[in-house]
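Residue numbers (the working numbering), protein chains in the order written: chain A, 1 to 407; chain B, 1001 to 1242.
Idealized CB from N, CA, C, for every residue including glycine.
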Amino acid sequence: MIAGHTARFDAAGNLKPWTSWGVALEREMIFYQRCPSDHGYPRFAYVTFLDGDWTPSADRTDTIPSTQAGMGIVSYLKFYEFSDRHEVGYLNTARSMGSYLVREALTPASGAYPAFTRSTGTRERFPQPADCGSQADQPYEIEPDKGGIAGYALALLFDVCGERRYLEQALHNARVLADNQREGGARESPWPFRADFRSGEGRGPISGNMSYILRLYDALLAHGYQEFSLPREALWQWIIRHQIPSAAADGGLFAQFFEDHDTPTNRTAWSPLNLARYLLEGRESLDPKWRSHCGTLIEFVRTNFTHREFGVTVCHEQDEDKQAWGGINSTYGAVLAVYAKAIGSASLAREARQALDFTLYSIDEQGRPRDLAQSAAAGGWQEDAHTDVIHNYVDALCAFPEWIDST
Amino acid sequence: MVYELFYWPGIQGRGEFVRLTLEEAGAPYVDVARESGRGAGVPALMRFLDSPRIERAPFAPPFLKAGRLLIGQTANILQFLGPRHGLAPKAEGGRVWTHELQLTIADLVAEVHDTHHPIASGLYYEDQKKEARRRAADFLANRLPKFLGYFEQVLQRNSRGDRFLVGPKLTYADLSAFQIVAGLSYAFPNAMAKASRKYRRIFAHHARIQERPRIAAYLASPRRIPFNEDGIFRHYPILDSK
């Protein structure tokens, strides 16, 4: 059994999905469209720990606004596009998440990171108070890279719905990031992993997720904001000169991403995979060596962060967490699928498909996902159950449209 | 000619009055911001608003591109479309009267919007809830009866019968009046349930329009965006009457 479903295998012993991707994903999206709203937002936009009946966890009041809602916006916009823009409910859910970020989840309007989207917070506070930092953040800390995720998502949202407040927040996040950007080097990234938003004092020299700040700069440059040209180039040079080569060595520059961890050397799979995704989207227009760079990043992840469950190669999150959570394993499957398509590798495509089939088991008959296949019931971390999962299936389906129906 | 309608993609809003007329006319059109790809989506809409090269730029969506013409303002668009598609009277007096009714509907739409955004459009509803409650209460007590009463009277006094607002045939103003009743019924179901007992003609008019084959087909299609809490007609139970 995997997550309550009987595991299905083909004659060669390969895991098969419990139902087609199309059916499972549609059920999940319909289930989430029925999420209760409080304070003007669907509950999953601002509560991180929910069970399968939309009940918030009694003992987990901590939240992760930027990753959860930011990746949620990305997921909903991709699914909206994928379904030919027929279901505007998906667009409007993305708008609700955007509005939550802009209206409720900002730092105070002063200090080194003023009015910046929060990395962590506390449930049921509207807006989040100044000292809302939770998980492994200190009360007044933010994570600069999460401002990149939120800002990029808001810029995308503006492009689809045209509401200027989203663009304005994206622009503001980018300006704050540019003001705090440093050169970076072999032992530090252009921003620390955490910073006290009042003083700017950093904690943790390396922040592995640089690709979403790059995406944010790119999005604003596309809107004509040339002020981000130099910061973007500086960040890109750091990635090319230091971060990608690090993946061919010990991967130390891919340390730190998850909000609930604070070991400075804790490497994760999320950041190299998302950098690979960025390179795969742009290819030659971004980086003449995209092929070898993607290969380096993916190989780093395969070597350090994969293990096997039910005969399937699945991906775990980080040095400090060896479980194949829905977010990271679907990220792995999606990036590997797009890479396999790009280089024409049938074996990597099979591996990608299997990883995604595995996480699909976490969706039950009613469309309720679990954050981890081993979890006892539906629900859990909403970003692992849903918001950082859906866009991965869409990416994989864009590479292999035939996967939607096959069982 | 294929019309190009430019309006925000996630809401009915003011664009819906134009969509209804295009649908009833059976006119080919592209809802540009709801399409994807090159030259489509919201970026295409924003280009018309932001480009310094457009001499007669619209103030805001909706706007319609008809060949070389770029037409803004809902009532103005409908005034353009109506005669071209048999949805406005031929006589000048009838056309002006139809336009007058449409402008009155525009006034009503602005007042409906202000029930949930009485202070500023740039603020969220949640930032002006208290004021919204006061505004909505006044709207339901005083303004809604005045507007519904007025359109009831227009139907009653139409010398060609009470099937349509203007003369014996459907006009774009009828489609807009349909949308008004539909939207108000979504936003204020309790208040409108009470109103339906008093303003029978305008509710019967709404039911008739709803059954027109092209309108019925449109309402059942994915082209009709469901009412939601991002548009003009929003359902906040606290703003409705008990």
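- A:V312 has its alpha-carbon roughly 16 Å from the corresponding atom of A:N304.
- For A:G185 against A:H223, the beta-carbon gap comes to about 31 Å, at or over 8 Å, which does not count as contact.
- In its chain, beyond the 5 residues on either side, K16 have a beta carbon closer than 6 Å to the beta carbon of A:D10.
- Pairing A:G147 with A:S66 gives a Cβ-Cβ distance under 8 Å.
- Relative to the Cα of A:R302, the nearest Cα in the group A:A178, A:I328, A:E281, A:W54 belongs to A:I328.
- A:E143 sits in coil when the DSSP states are folded into three classes, being neither helix nor strand.
- In the three-state reduction of the DSSP assignment, A:W54 falls in the coil class.
- With 16 or more other Cβ atoms inside 10 Å of its own Cβ, B:K1065 counts as buried.
- Close CB contacts of A:I64 within its chain, under the 6 Å cut and outside five residues either way in sequence, are with T48, T120, E259 (chain order).
- Across the set A:P205, A:W236, A:G52, the C-alpha of A:W236 shows the shortest separation from the C-alpha of A:R215.
- Remark: C-beta atoms of B:F1188 and B:S1121 do not approach each other more closely than 8 Å.
- At a C-beta separation below 7 Å, B:V1042 has these neighbours in chain A: D159, V160, C161, G162.
- Secondary structure remark: continuous alpha helix (DSSP H) runs of at least 4 residues inside the stretch 255-336 of chain A, in chain order: 270-282, 290-305.
- Less than 8 Å separates the beta-carbon of A:A276 from that of A:V335.
- Taking 8 Å as the cut-off, the Cβ atoms of A:A24 and A:L360 count as close.
- In this structure B:F1063 touches B:G1072 by the C-beta definition: roughly 4 Å separates them, less than 8 Å.
- Counting only runs of 3 or more residues that sit fully inside the stretch 1127-1163 of chain B, no beta strand (DSSP E) segment turns up.
- Distance from the Cα of A:E168 is smallest, within the candidate group A:N180, A:A153, A:R267, A:R182, for A:A153.
- For the stretch 33-61 of chain A, the beta-carbon criterion of a distance under 8 Å to any beta-carbon of chain B is satisfied by H39, G40.
- Contact between A:D384 and A:G333 does not hold, since their C-beta atoms are separated by about 14 Å, which reaches or exceeds 8 Å.
- Only those residues of the stretch 1022-1046 of chain B whose C-beta falls short of 9 Å from the nearest C-beta of chain A are listed: A1033, R1034, E1035, S1036, G1041, V1042, P1043, L1045, M1046.
- Annotated three-state conformation of B:F1233 is coil, per DSSP.
- For B:L1069, the uninterrupted beta strand (DSSP E) segment begins and ends at 1069-1072.
- Proximity of the stretch 1075-1093 of chain B to the stretch 1139-1149 of chain B falls short of the contact definition, fewer than three beta-carbon pairs being nearer than 8 Å.
- Assignment of A:L15 by DSSP, reduced to helix, strand and coil, places it in the strand class.
- With a 10 Å radius around the Cβ and a threshold of 16 neighbouring Cβ atoms, B:F1227 comes out buried.
- Check the Cα spacing between B:F1017 and each of B:A1204, B:E1229, B:N1190, B:S1176: the tightest is with B:S1176.
- B:I1225 belongs to the set of residues whose beta carbon lies under 8 Å from a beta carbon in chain A.
- According to the DSSP assignment, A:W238 belongs to no beta strand (DSSP E) but to the alpha helix (DSSP H) extending over 229-238.
- For A:S99, the C-beta contacts it makes with chain B under 8 Å involve Y1124, in order along the chain.
- If one requires a minimum length of 3 residues, the beta strand (DSSP E) runs lying completely within the stretch 1007-1074 of chain B are 1029-1031, 1063-1066, 1069-1072, in chain order.
- Interface criterion not met: the Cβ of B:P1237 is under 8 Å from no Cβ in chain A.
- Separation of A:N14 and A:S347 (C-alpha to C-alpha, rounded to the nearest whole angstrom) is 13 Å.
- For A:D196, no alpha helix (DSSP H) run applies; the uninterrupted beta strand (DSSP E) run containing it begins and ends at 194-196, by DSSP.
- By the Cβ neighbour-count rule, A:S229 is exposed, with fewer than 16 other Cβ atoms within 10 Å of its own.
- At a cut-off of 8 Å between beta carbons, B:P1062 makes no contact with chain A.
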